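Undergrad: Protein chains in written order, with our numbering: chain P, 1 to 488; chain E, 1 to 208. Positions of the beta carbon are idealized from the N, C-alpha and C atoms, including for glycine. A quick note: this is a predicted structure, and the numbers were derived from the prediction, not measured.
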Amino acid sequence: MPPSASTNLGYTPPDGGWGWAVVFGSFISIGFSYAFPKSLTIYFKEIQEYFSISYSEIAWVSSIMLATMYAGGPVSSVLVNRYGSRPVVIAGGLMVGVAMVMASFGTTILHLYLCVGVIGGFGLAFNLQPSLTIIGKYFLVKRPIANGLAMAGSPVFLSTLAPLNQFLFDHFGWRGSFLILGGVVLNCCVAGSLMRPIKIKTKPPVSKTTDENDTAKPDVTSQTAGQDKSKQSGCAAKVSQFIDISLFKHRGYLIYLVGNVLLFFGFFAPVVFLAPYAKHQGIDEYSAAFLLSIFALVDMFARPGTGLVANTKWIRPKIQYFFSFSVTYNGLCHLICPLLPGYSGLVVYAVIFGLAFGMVCALLFEVLMDLVGAQRFSSAVGLATIIECGPVLLGPPISGLLVDIFMDYKYMYYACGMMMLAGGVFLFIMNFYNYRLLEKEEKEKQVEDRLEIGSAKELAANEEDKDNEEKIRLNTEEEVGKSICEEP
Amino acid sequence: MPRPRRAQHCCRETALFSMANVRHLILLLLYCDGMNTVPVIKDKRDKPVVSYTRDSVVLECKLKYTPNTWNWYKANNTEKELINVTANPLNYKIFNNGNRTKLTILNLSEEHSGKYICSAVFDIKPSESYIELKVLSYTEPLKPFIAIVVEVIVLVTLILLWEKCSKPQHDSSSAGENDVCSEQTTKLTRDESNGVENNTARRRKLDD
């Protein structure tokens, strides 16, 4: 797909330089956002004993945190559209830090739900969205690599936070650990300070953003300006000032949303159940934990690798197909998992799954940027996460239910595999259709342009003719003048 | 739950040997039986439970079979002191639920640190396990926390200062790699100059 959607930024992204520092900042932010809720599960057992509650009640903490992180997407988008990435990330980091410190003094489980779950979740949402948005502002040509590198933060941080949390827990118990984690998570503010806003002088009206003048804007996120062209009356106009809901008319975006809902149903459950499945097969705890480490290690390298591959000139134009392929590959992977016997089979599965998981994660936001362009990406990702909220939260419990009903993990794996396969096939077909339509539209646009150029050429030719006529007239006048002068 | 005969049989045989302590006996029972049908306290923690002063803590012991009763002791060097809930209802609470027992200690202070032994009383011999408790004051985790906060503040200040300092340099330099501002302006000036050239070319043509 020709990157026509991405070039309406109004400026040329730097594609390097300070951009790599921004990628590092995004790496930290994304790492905390995804790894933090998962790594807190280490404390659950002790907190469960302390408050004398059941496991499902304590598991709510993680679920609420994840749910608020996804639901806070639109809020985050609105703030990023208005204030830019940097203040939002710093505010997010402060929120999570304060939330964890408050949680360390918690006396009831409700206190934990509110502090860690709600406030912490919002803080992480304020970290995730802006980090993704700012990559789109700094990179265009090398954007898949930048995305892949930034998304690699998640497995790296999970691998470091898990042993760190265990260490803190052994030395300080859960309260002291929450206090120290509150400090650790403040490093998101450091990441935020790296996200320097792009200062550019925007060109006078060439693109749709006609309301931008020559005044230097601190950010090109003039979503407000871009919305003026699609003015509707009433509250729709008010909403569209903050967030771009005209995205719901965007064909590619709708395809992306439906595909995502399908794939997220079966995306996280296999990760959650990998260790329990291994233990169910009779493998001891340490080997089961080692499987997760293998998975995280492969994931860590698969993400930047996928970014590199996606950046090549063969894949970049048709990156939607690459994404559909990775989703389908994921589905197939889960379908063959129950067939692999023994520990070595599980190791092979962990490696293949790690690769598949990394591929999907690295491309998840890159394809969205490719579809809607960097200008509307902020709103797009906010709306996408709130819709993905449902399947992300429902997926693992439904899978758990399947395991409980059938007392066997293979049906859960089959179900997850089928969901992802369905999502992948859907994306393949719809993207094929979408690419065809886009090519047709592009051709029509080119014909129009050629007509315009043709008419412009005609105009220019007319002008030249006029000039020539003038020349001839002037020449004849001169000659006449000369002849008059020359005549005695 | 009926007590397994094999365990009893095993127990009788090994009881003939005099063991140094109860734990050794339990390990031997495991060995002779080969499976965990022996009443062994599961989920033994190798690491101490950490809690804080003025907080409360719950120590738990779990077993596969239900004993006659549970007892909790605090180890003072080599002696064991029975924890009497009726004598100290404000500080201690014991909750027995079949095969598990929970000791809740309220109003913790540093003296509460030490080894706590939970004892499952069976007909043959009690099965015991210990949990270590460490009580810390709040200043312990506060030190690393403050260190990290200071590090964050220093880094943020450095990064923002560096950005402020490098800004005037960017304004003065004409070509910067990541200076979109100058890139854009040079592009604009190039376009403008092209336009001007075109005009002059046209005018020159006219003047010819």
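On the DSSP letters alone, give me the boundaries of the alpha helix (DSSP H) that P:V118 sits inside.
TA: Counting along the chain, P:V118 falls outside any alpha helix (DSSP H), and DSSP gives it neither H nor E.
Undergrad: For the segment 178-190 of chain P, enumerate the residues whose C-beta is nearer than 8 angstroms to any C-beta of chain E, in chain order.
TA: Flagged, chain order: L179, I180, G182, G183, V184, L186, N187, C189 and V190.
Undergrad: Consider the Cβ of P:V101: report whether some Cβ of chain E lies at a distance smaller than 9 angstroms.
TA: Answer yes: the Cβ-Cβ gap between P:V101 and chain E drops below 9 angstroms somewhere.
Undergrad: For the candidate residues P:F32, P:G72 and P:F265, whose alpha-carbon lies nearest to that of P:V381?
TA: Ranking P:F32, P:G72 and P:F265 by Cα distance to P:V381 puts P:G72 first.
Undergrad: P:Y433: buried (16+ other C-beta within 10 angstroms of its C-beta) or exposed?
TA: Answer is exposed; the Cβ neighbour count stays below 16.
Undergrad: Report yes if the CB atom of P:F51 is closer than 9 angstroms to the CB atom of P:I109, and no otherwise.
TA: Yes, they are a contact pair.
Undergrad: Could you have a look at P:G373 and say whether DSSP puts it in helix, strand or coil?
TA: In this structure, P:G373 counts as helix in the three-state DSSP scheme.
Undergrad: Does the CB of E:E110 have a neighbour CB from chain P at under 9 angstroms?
TA: No, its Cβ sits nowhere closer than 9 angstroms to a Cβ of chain P.
Undergrad: Is the CB of E:V58 under 9 angstroms away from at least one CB in chain P?
TA: Chain P contact via Cβ: present.
Undergrad: Could you tell me which of E:A147, E:N99, E:V50 and E:P126 sits nearest to E:Y65, measuring between CA atoms?
TA: The residue with the shortest Cα to Cα distance from E:Y65 is E:N99.
Undergrad: Helix or strand or just coil, what does DSSP make of E:V85?
TA: It is coil, neither helix nor strand.
Undergrad: Using 9 angstroms as the limit for Cβ to Cβ distance, is E:Y130 near chain P?
TA: Chain P, which has no Cβ nearer than 9 angstroms to the Cβ of E:Y130, makes this no.
Undergrad: Should E:F122 be flagged as near chain P, meaning a C-beta pair shorter than 9 angstroms?
TA: So, not an interface residue.
Undergrad: Fully enclosed by the segment 369-425 of chain P, which beta strand (DSSP E) runs are 3 residues long or longer?
TA: Counting only runs of 3 or more, we get nothing.
Undergrad: Any idea if P:Q375 is buried or exposed, counting beta-carbon neighbours within 10 angstroms, 16 or more meaning buried?
TA: It counts as buried.
Undergrad: Take every Cβ of the segment 43-59 of chain E, pair it with every Cβ of the segment 170-178 of chain P, and state whether three or more of those distances are shorter than 8 angstroms.
TA: Yes, the segment 43-59 of chain E touches the segment 170-178 of chain P.
Undergrad: Of all the residues that make up the segment 252-274 of chain P, which are near chain E by a beta-carbon distance shorter than 9 angstroms?
TA: Result list empty, no residue passes.
Undergrad: Report the rounded CA-to-CA distance for P:G492 versus P:M419, giving the unit in angstroms.
TA: What is shown of chain P runs 1 to 488, which leaves residue 492 of chain P out entirely.
Undergrad: Hey, does P:G31 have any beta-carbon neighbour from chain E nearer than 9 angstroms?
TA: No, because no Cβ of chain E sits closer than 9 angstroms to the Cβ of P:G31.
Undergrad: Return the chain-ordered list of same chain residues with a C-beta closer than 6 angstroms to the C-beta of E:L59, the five sequence neighbours on each side being excluded.
TA: Answer for E:L59: L103, Y116 and I131, listed in chain order.
Undergrad: Please classify E:E60: does DSSP put it in a helix, a strand, or coil?
TA: In this structure, E:E60 counts as strand in the three-state DSSP scheme.
Undergrad: When burial is assigned at 16 or more other CB atoms within 10 Å of the CB, is P:P218 buried or exposed?
TA: Because the pLDDT at P:P218 is just 39, under 50, the model does not fix this residue reliably, and the value given afterwards should be weighed accordingly. Exposed.
Undergrad: Hey, out of P:I245, P:G305, P:Y349 and P:G454, whose CA is closest to P:L292's CA?
TA: The option with the nearest alpha carbon to P:L292 is P:Y349.
Undergrad: Spell out whether any CB of chain E is found under 9 angstroms from the CB atom of P:S39.
TA: No, P:S39 does not count as interfacial toward chain E.
Undergrad: Comparing C-alpha positions only, which one of P:V272, P:A99 and P:Y138 sits nearest to P:P13?
TA: The shortest Cα separation from P:P13 among P:V272, P:A99 and P:Y138 belongs to P:Y138.
Undergrad: Let me know the secondary structure DSSP gives P:N475 once reduced to three states.
TA: Residue state, collapsed to three classes: helix.
Undergrad: For P:R303 versus P:C361, is the C-beta spacing smaller than 9 angstroms?
TA: Yes, Cβ-Cβ distance for P:R303 and P:C361 is below 9 angstroms.
Undergrad: Within 9 angstroms (strictly less), CB to CB, does P:G50 reach chain E?
TA: Per the sequence presented here, residue 50 of chain P reads as Tyr, with Gly not at that position. True, the Cβ-Cβ gap to chain E drops below 9 angstroms.
Undergrad: Rounded to whole angstroms, what's the CA-CA distance from P:V89 to P:S193? Just pull it up for me.
TA: One C-alpha to the other measures close to 8 angstroms.
Undergrad: In this structure, how does DSSP classify P:S177 when only helix, strand and coil are distinguished?
TA: P:S177: helix per DSSP, three-state reduction.
Undergrad: Taking all protein chains shown into account, decide if P:I58 is buried (16 or more other Cβ within 10 angstroms of its Cβ) or exposed.
TA: Result: buried.
Undergrad: Could you please give the first and the last residue of the uninterrupted beta strand (DSSP E) stretch that includes E:K74?
TA: Taken as a continuous stretch (DSSP letters only), the beta strand (DSSP E) holding E:K74 covers T69 to N76.
Undergrad: Would you check if the segment 122-129 of chain P and the segment 270-277 of chain P touch, i.e. whether three or more CB-CB distances between them fall below 8 angstroms?
TA: They do not touch, by the three-pair rule.
Undergrad: Looking only at its chain, what residues have a beta carbon closer than 6 angstroms to the beta carbon of P:G417, apart from the 5 residues adjacent to it on each side?
TA: So the qualifying residues of the chain are G331, H334 and L335.
Undergrad: Smallest Cα separation from E:I148: which of P:C115, P:I135, P:Y343 and P:C189?
TA: Among P:C115, P:I135, P:Y343 and P:C189, the Cα nearest to that of E:I148 belongs to P:C189.
Undergrad: Taking 9 angstroms as the CB-CB cut-off, is P:E46 touching chain E?
TA: Closer than 9 angstroms to some Cβ of chain E, the Cβ of P:E46 qualifies, so yes.
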